[in-house]
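A.B. asks: Start counting the sequence shown at 0; every next residue gets the next number (numbering that gives the first Met the number 0). All C-beta atoms in this analysis are idealised placements derived from N, C-alpha and C, irrespective of residue type, glycine included. Before I ask anything, let me first share the structure, which is written out below as structure tokens.
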Amino acid sequence: MGSSLQATQANCGPVEGLDPQALGVTLTFDAPRDGEPYPLTVRFVGLRAGATNPPASGDTFDVLDTIAGVVPGSGTVSLTRRIEGITPGDWTVQARSVVDPSTPDRSVPATAQVATTTGYAPLVRVRAPGVRIGAWPALVGAGAAVALILQGVLASRFGLPMGQLSTLSLVACLLGLGGARLYYRLEHPQSPRTPVRVTGMCIQGFVLAAIGTIVAGALLLGLPVGRLMDVTAPGLMAGMAIGRVGCFLGGCCAGRVTASRWGLWSSDRRLGVRRIPTQLLESAWAVLIGSVAGTLLLVVDTEPAGALFVAAVAAYTFGRQLIFPLRSLPRHTRYGRQLVMLSTGIAFVGAGVTLLLR
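Here you go:
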């Protein structure tokens, strides 16, 4: 099977020559058209240009990387490997498949080689085919802007004070960035810390911190909390829908590998392949909930205040739990998903009944 090896470019502009340095290469090949899924191990061997013989520590590396399951019919596959703790400079890297003696006839990628150079490690860690650096913060920012606009339009309809509300919402967005960062650190305690971050935030943390800030601020300012949260719900869902597209383009929350024609080629920053587009499914779910919430808010007397917000958030969270098994990420708890589905299901039914019996 043919293959190619490309180098990760991370030496542009202001980051050129900055420490720490790392190396990134990507092996690209086509999965077989048919057969059963199988594991594939690739050996990456590198030698720094000008290294002594024998090479000194840091002037060579020999590492293995395994794809747990190459899915036949899934199309083009790209495996990105990063190597840190090596001497900066020019390198020659070779990638070759490790043949399983029990299946010597299985098709594997051909040996490939590339000449490359080290680059700024924080960029090397996130660059990969299919990943758009900056897509996540850009689209989350756009989502926040759309959410604020929708909130303002609906708030004016219900006579809420726009000056106080706009200030409170802007503060909530700023604190939401801190919440996004904290949430990521709690979920990824082993991820490296560097002075300049180009990744490392989680949209759930942003939403939790922003909502908490709005509720606390409304109580302090004497604003009607329930009605304020109701007019926030459609914008919140719109912001989530836009932000999830950023997740898809940024390589986070990736779906499982699939050979289905409905799959979309995307990357989790390590493995680029056709996947179930879980981020886009969640985005579509948020659009549906936001549209229903906005319509109800405009055409129905949604009393008691706050019930619509509870129903919208509960429905969104319940739907997320249904999508979770389609992700390629392992879950951290055994029964957490079932407990969340139970609690949000009860909350949705309770809020819905309250609205119907108002």
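If you draw a straight line from the C-alpha of Pro194 to the C-alpha of Pro100, how long is it?
C.D. replies: Annotation note: pLDDT 46 at Pro194 (below 50); position unreliable, coordinate value reported separately. Their backbone Cα atoms lie some 45 Å apart in a straight line.
A.B. asks: Put Ser265 into one of helix, strand or coil per three-state DSSP.
C.D. replies: strand
A.B. asks: Does DSSP put Thr231 in a helix, a strand or coil?
C.D. replies: helix
A.B. asks: Any idea which residues DSSP pairs Arg226 with across the strands?
C.D. replies: DSSP, once it has assigned bridges, lists no residue as partnering Arg226.
A.B. asks: For Thr316, does the three-state DSSP call read helix, strand or coil?
C.D. replies: helix
A.B. asks: What do you reckon, are the CB atoms on Leu297 and Gly234 nearer than 9 Å?
C.D. replies: no
A.B. asks: Would you call the CB atoms of Gly249 and Ser77 closer than 9 Å?
C.D. replies: no
A.B. asks: Let's see if you can read the secondary structure: which residues bound the beta strand (DSSP E) around Leu22?
C.D. replies: Bounds of the beta strand (DSSP E) holding Leu22 are 20-29.
A.B. asks: Please report the Cβ distance between Phe317 and Phe347, rounded to the nearest whole angstrom; I am assuming they are in contact, meaning their Cβ atoms lie under 8 Å.
C.D. replies: 6 Å
A.B. asks: In chain order, which continuous runs of the beta strand (DSSP E) of length 3 or greater are located wholly inside the segment 29-56?
C.D. replies: Whole beta strand (DSSP E) segments, 3+ residues: 37-47.
A.B. asks: Straight-line CA distance for Phe387 to Gly254?
C.D. replies: What is shown of the chain runs 0 to 357, which leaves residue 387 out entirely.
A.B. asks: Distance check for Leu356 and Arg196, CA to CA, integer angstroms please.
C.D. replies: Caution is warranted here: a pLDDT of 49 is assigned to Arg196, below 50, making its placement in the model unreliable, and the coordinate value is therefore given only provisionally. Between Arg196 and Leu356, the C-alpha separation is close to 50 Å.
A.B. asks: Compute the distance between the beta-carbons of Thr116 and Gly84, then report whether it is under 9 Å.
C.D. replies: Using a Cβ distance threshold of 9 Å, Thr116 and Gly84 do not count as a contacting pair.
A.B. asks: Just to check my reading of the structure: Asp61 and Ala50 have Cβ atoms closer than 8 Å, yes? What is that Cβ distance to the nearest angstrom?
C.D. replies: No, Asp61 and Ala50 are not in contact; Cβ-Cβ is about 13 Å, not under 8 Å.
A.B. asks: So the candidates are Ala258, Ala311, Gln320, Val312; which of them puts its Cα closest to the Cα of Gln278?
C.D. replies: Gln320
A.B. asks: Apart from the five residues just before and just after Leu39, which ones in its own chain have a Cβ nearer than 6 Å to its Cβ?
C.D. replies: Ile66, Val69
A.B. asks: Can you tell me whether Gln5 is helix, strand or coil according to DSSP?
C.D. replies: strand
A.B. asks: Would Leu173 pass as a contact of Ile213 if the rule is Cβ separation under 9 Å?
C.D. replies: Between Leu173 and Ile213, the C-beta spacing is not below 9 Å.
A.B. asks: Taking all protein chains shown into account, do 16 or more other C-beta atoms lie within 10 angstroms of the C-beta of Asp18, making it buried, or fewer, making it exposed?
C.D. replies: exposed
A.B. asks: Any idea what DSSP makes of Tyr119, helix, strand or coil?
C.D. replies: strand
A.B. asks: Compute the distance between the beta-carbons of Phe205 and Val139, then report whether it is under 9 Å.
C.D. replies: yes
A.B. asks: DSSP state of Arg196, grouped into three classes?
C.D. replies: Reliability fails at Arg196, whose pLDDT of 49 lies under 50, so the model's placement of it is uncertain and the value that follows must be treated cautiously. Three-state DSSP puts Arg196 in coil, outside helix and strand.
A.B. asks: How long is the line joining the alpha carbons of Trp264 and Gln5, rounded to whole angstroms?
C.D. replies: 18 Å
A.B. asks: Following the continuous beta strand (DSSP E) through Leu78, name the residue where it begins and the one where it ends.
C.D. replies: Leu78 -> beta strand (DSSP E) spans 75-83.
A.B. asks: May I ask which residues mark the beginning and end of the alpha helix (DSSP H) holding Ser259?
C.D. replies: Run containing Ser259: none; DSSP gives neither H nor E here.
A.B. asks: Is DSSP giving Thr294 helix, strand or coil here?
C.D. replies: Helix, per DSSP.
A.B. asks: Taking C-alpha atoms, which residue in Val107, Val41, Pro121 lies nearest to Val92?
C.D. replies: Val41
A.B. asks: Could you round the C-beta distance between Pro71 and Pro108 to whole angstroms and report it? I think they count as a contact, below 8 Å.
C.D. replies: Going by Cβ atoms, the distance from Pro71 to Pro108 rounds to 14 Å, so no, they are not a contact pair.
A.B. asks: Note down, in chain order, each residue of its chain lying with its Cβ closer than 6 Å to the Cβ of Val339, except the 5 sequence neighbours on either side.
C.D. replies: Gln320
A.B. asks: Going by alpha carbons, who is nearest to Gly129 out of Pro13, Ala215, Cys251?
C.D. replies: Cys251
A.B. asks: Just reading off the alpha helix (DSSP H) that Ala217 is part of, what are its end residues?
C.D. replies: 202-220
A.B. asks: So, for Ile275: in the same chain, excluding its five sequence neighbours on each side, which residues have a beta-carbon less than 7 Å away from its beta-carbon?
C.D. replies: These residues qualify, in order along the chain: Gly254, Arg255, Thr257, Gly262, Leu325.
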